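I have placed the structure first, in the form of structure tokens, so that the comments after it can refer back to it.
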Amino acid sequence: MFLFDTHTHLDAPEFDEDREEIINRAVEAGVSKMINIGFNRETIPSTMKLAESYDFIYAAVGWHPVDAINMTENDLEWIASLCSHKKVVAIGEIGLDYHWDTSPKDVQQRVFRQQIGLARELGMPIAIHNRDAHEDVVRILREEKANEVGGVMHSFSGSWETAKMCLDLGFHLSFGGPITFKNARVPKEVLAQTPLDRLLIETDSPYLTPHPFRGKRNESAHVKLVAEAAAEIKGITWEEMAQITYANALERFGIV
1 MFLFDTHTHL
11 DAPEFDEDRE
21 EIINRAVEAG
31 VSKMINIGFN
41 RETIPSTMKL
51 AESYDFIYAA
61 VGWHPVDAIN
71 MTENDLEWIA
81 SLCSHKKVVA
91 IGEIGLDYHW
101 DTSPKDVQQR
111 VFRQQIGLAR
121 ELGMPIAIHN
131 RDAHEDVVRI
141 LREEKANEVG
151 GVMHSFSGSW
161 ETAKMCLDLG
171 FHLSFGGPIT
181 FKNARVPKEV
191 LAQTPLDRLL
201 IETDSPYLTP
211 HPFRGKRNES
221 AHVKLVAEAA
231 AEIKGITWEE
241 MAQITYANAL
251 ERFGIV
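Going by the working numbering, the first residue of the sequence shown is number 1, and it counts up by one from there.
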């Protein structure tokens with residue numbers, strides 16, 4: 001059975017001591033493809049190195065909103081140049097983060113718009129980071145005609161009303177560890193209403209660790225726990241959920 005972890009950070013320092021072991025454990029758990037996210041000047045090179053080192057690891061490159069204040073025109077050109085690489089399948093993670101006060105909102109929004117424009121120019125899907133900024137994210141996606149490229153709402157945490165707007169814009173909704181939490185009522189309700197052909201699963205490792213490992217370092221092997229929780233919510237087997245989300249990811253990211 002194939003699993004696809006559509007959002008992970010295998011290059012994070014949390015994995016420096018046992019990265020190879022973590023990758024092997026994911027493969028043993030049935031994870032046959034992963035997308036690693038390069039989101040700033042430090043993580044883009046390490047993401048590209050991983051993608052070039054493993055056949056089953058792909059890359060998304062972009063500029064994270066918390067680092068938006070540091071992005072230059074040269075960085076945007078760098079991202080554009082990397083998008084021609086055969087292993088780069090998306091621009092991301094990009095978006096808005098109103099939780100961490102590291103980049104002013106107007107700067108975040110400008111950088112977000114620039115990267116959507118680049119994605120439209122290159123015909124690349126986008127991976128969206130959205131924290132406490134649902135209204136502005138949807139508004140900017142509409143204004144910048146992001147529906148022309150679509151993409152994925154990474155670790156979706158909004159309401160069903162927000163979800164419907166994102167689905168209408170052609171985006172897939174990706175769910176991770178939080179759907180395994182006992183008190184995670186909203187993401188479970190949203191997942192229950194999301195069409196099966198628009199579902200993706202992820203770990204966001206080393207973050208958002210699913211139950212029963214919550215509080216510990218997350219890893220890509222745990223995407224199976226996400227698949228099991230999603231399957232229970234949808235009333236299907238985890239094998240069916242794995243098959244559906246794997247096929248969805250291949251199509252969404254244009255992986256042959």
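Where a beta carbon is used, it is the ideal one built from N, C-alpha and C, also for glycine.
In this text the structure is predicted, and so the values were computed from the model without any measurement.
Asked: Report yes or no: do the region 129 to 149 and the region 174 to 184 share at least 3 C-beta pairs separated by less than 8 Å?; Found: no
Asked: Tell me the DSSP secondary structure of H64 in three-state form.; Found: coil
Asked: Here's a check: name, in chain order, each residue in its chain whose Cβ is nearer than 8 Å to the Cβ of T257, leaving out the five neighbours to either side.; Found: Given that the chain is displayed from residue 1 to residue 256, the structure contains no residue 257 and the question cannot be resolved.
Asked: Rounded to whole angstroms, how far is the Cβ of V80 from the Cβ of L122, which I believe are closer than 8 Å?; Found: A quick correction: the sequence has Ala, not Val, at residue 80. About 7 Å; that satisfies the 8 Å criterion.
Asked: Of all the options D11, E251 and Q243, which has the alpha carbon lying nearest to the alpha carbon of H54?; Found: Here residue 54 is Tyr; the residue named in the question, His, does not match the sequence. Taking only the C-alpha atoms, the option nearest Y54 is D11.
Asked: Determine, using beta carbons only, whether Q115 comes closer than 8 Å to chain D.; Found: In the structure shown, chain D cannot be found, because there is only a single protein chain.
Asked: Kindly give me the distance between the Cβ atoms of Q109 and D136, rounded to whole angstroms, as I take these residues to be in contact under 8 Å.; Found: 7 Å
Asked: Starting from the Cα of T209, find the closest Cα among L200, H222 and M165 and give me that residue.; Found: H222
Asked: Just checking my contact of A231 with M241 at CB under 8 Å: how many whole Å lie between their CB atoms?; Found: 4 Å
Asked: Am I right that S159 and V186 are in contact with their C-beta atoms under 8 Å? What's the rounded C-beta distance?; Found: 7 Å
Asked: To which residues of the same chain is E52 closer than 7 Å at the C-beta, ignoring the five residues directly before and after it?; Found: K87
Asked: Output the distance between the C-alpha atoms of M281 and G235, rounded to the nearest integer angstrom.; Found: Missing from the structure shown is residue 281; the chain here goes from 1 to 256 and no further.
Asked: Take the Cβ of P104 as the centre, count every other Cβ of all protein chains shown within 10 Å, and call the residue buried at 16 or more, exposed below.; Found: exposed
Asked: Which ranges does the beta strand (DSSP E) cover as unbroken runs of at least 3 residues, wholly within the region 67 to 114, from first to last along the chain?; Found: 88 to 97
Asked: Quick check: what's the CA-CA separation for Q193 versus V107?; Found: 34 Å
Asked: When you compare only the Cα positions, how much space is there between L167 and K188?; Found: 17 Å
Asked: Determine which residues share a DSSP beta bridge with V31 and list them.; Found: L3
Asked: Comparing C-alpha positions only, which one of P45, H99 and D16 sits nearest to H85?; Found: P45
Asked: Whole angstroms are fine: how far does the CA of R198 sit from the CA of C83?; Found: 24 Å
Asked: Just confirm the distance between the C-beta atoms of A90 and F253, as a whole number of angstroms; I'd bet it's less than 8 Å.; Found: 6 Å
Asked: For W100, is the classification buried or exposed, using 16 other Cβ atoms within 10 angstroms of its Cβ as the cut-off for buried?; Found: exposed
Asked: Grab the span of the beta strand (DSSP E) containing V258 for me, first residue to last.; Found: Limits of the chain in this structure are 1 at one end and 256 at the other, which puts residue 258 out of reach.
Asked: Should T6 go down as buried or exposed, given a rule of 16 or more other Cβ atoms within 10 Å for buried?; Found: buried
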